[in-house]
Each structure stands twice: as C-alpha cells, then as structure tokens.
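A.B. asks:
Residue numbers (my numbering): -15 to 109.
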C-alpha cells in the first residue's frame, strides 16, 4: 500500500491535498478504506458548512461498521463528492482519486498533519 507523497495525513486516517486557491481536497486513506471494509453509505458535510480540525463532520458506513469522518483542517466546505454519495464503493476502489470526500476552503490548519512517511509509520504499512 502506497501513500502518495504529495498529500498530508491526519492521525484519524484522512488525507489532505495541497491547497489550490485556498481550497484543499479531503479523503480517507487506503489503510482506512481497507479497515472499514466495503463502504455502503457516505454521509458527507453539506456545502457551506463549517468543519473544525479534529472534529466529526460526517460518517462512512460499511458492511462491518459505522465510522465517523473527521476533518483534518478548519474551514468551509465548498464541495461534497456526489459521485461517492451515489456510489460509496469509490471510497474502497479509488481512495486517493475518484473516492475523495469533500473540498474545504481552509481557515486554520493544525500543526500535527503528517507527511506520507510519518503516516506510513503510524499506520504500520
């Protein structure tokens, strides 16, 4: 399992892209997607909602369990991935590409986001 080098990671297994015009993309890692099992439902934050770093902002339901979705940064949600809402299995099949979850205009970023190497060590993969 390979964690893309250009992304940053949270200890809750979310990834964050570099910002483009102040907006970053958020998803869950392949490690988290595998741990969840087959995702059957994605409850994503609403566009316009404010999310706070480290706090829940949605949920992912799999055939095994329901898991909270945490925001790795604070900001305003600018887009939710409707493809994932309609086909939650994208979280499993393409966690770093088509299975992204939401985009956020960042207003505050915590200082504990991890590099790919640090996250790989944390996840033990």
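Here a beta-carbon is modelled for each residue, glycine too, at the ideal position from N, C-alpha and C.
Less than 8 Å separating the beta-carbons of residue 138 and residue 100?
C.D. replies: As displayed, the chain neither begins before -15 nor continues past 109, which places residue 138 out of reach and without an answer.
A.B. asks: At the level of alpha carbons, what is the spacing between residue 58 and residue 40?
C.D. replies: Walking along the chain shown from the start, residue 58 turns up at place 74. Walking along the chain shown from the start, residue 40 turns up at place 56. The straight-line gap from Cα to Cα measures roughly 11 Å.
A.B. asks: If contacts are defined as beta-carbon pairs under 8 Å, then residue 62 and residue 7 qualify, I think. What distance do you get, rounded to the angstrom?
C.D. replies: Residue mapping note: residue 62 aligns to position 78 of the chain shown, counting from 1. Residue mapping note: residue 7 aligns to position 23 of the chain shown, counting from 1. Indeed, because the Cβ distance is near 6 Å, the residues count as touching under 8 Å.
A.B. asks: Give me the Cβ distance between residue 112 and residue 0, rounded to the nearest whole Å; I'm assuming they're in contact under 8 Å.
C.D. replies: Past the edges of the chain, shown from -15 to 109, lies residue 112, and the structure says nothing about it.
A.B. asks: What first and last residue would you give for the beta strand (DSSP E) that runs through residue 44?
C.D. replies: Reading the chain shown from its first residue, position 60 is the one you call residue 44. 40 to 46 is the span of the beta strand (DSSP E), which, as asked, contains residue 44.
A.B. asks: Over the uninterrupted beta strand (DSSP E) stretch that includes residue 19, give me the two end residues.
C.D. replies: Position 35 of the chain shown holds residue 19. Counting along the chain, residue 19 falls outside any beta strand (DSSP E), though it belongs to the alpha helix (DSSP H) covering 14 to 20.
A.B. asks: Which stretch, first to last residue, makes up the beta strand (DSSP E) that contains residue -2?
C.D. replies: Numbered from 1 along the chain shown, position 14 holds the residue referred to as residue -2. Per DSSP, residue -2 belongs to the beta strand (DSSP E) from -2 to 0.
A.B. asks: On a Cα-Cα basis, can you pick out the residue from 11, 71, 18 that is closest to residue 42?
C.D. replies: Residue mapping note: residue 42 aligns to position 58 of the chain shown, counting from 1. When each option's Cα is compared against that of residue 42, the closest is 11.
A.B. asks: So is residue 103 buried or exposed if we call it buried at 16+ other beta carbons inside 10 Å?
C.D. replies: Indexing the chain shown from 1 puts residue 103 at position 119. Buried, by the Cβ-count rule.
A.B. asks: From the DSSP secondary-structure annotation, give me the bridge partner or partners of residue 27.
C.D. replies: The count along the chain shown starts at 1 and reaches residue 27 at position 43. Residue 27 is bridged to 43.
A.B. asks: Please determine, among 34, -2, -13, 84, the residue with the shortest C-alpha to C-alpha distance to residue 53.
C.D. replies: For the purposes of this step, residue 53 is taken as the residue at position 69 of the chain shown. Minimum Cα distance to residue 53 is reached at -2.
A.B. asks: Let's see if you can read the secondary structure: which residues bound the beta strand (DSSP E) around residue 67?
C.D. replies: The sequence position of residue 67 within the chain shown is 83, counting from 1. Note, residue 67: premise wrong, no beta strand (DSSP E); alpha helix (DSSP H) at 66 to 70.
A.B. asks: Judging by CA-CA distance, which residue of 18, 30, 5 is the nearest neighbour of residue 49?
C.D. replies: Within the chain shown, residue 49 is the residue found at index 65, counting from 1. The residue with the shortest Cα to Cα distance from residue 49 is 18.
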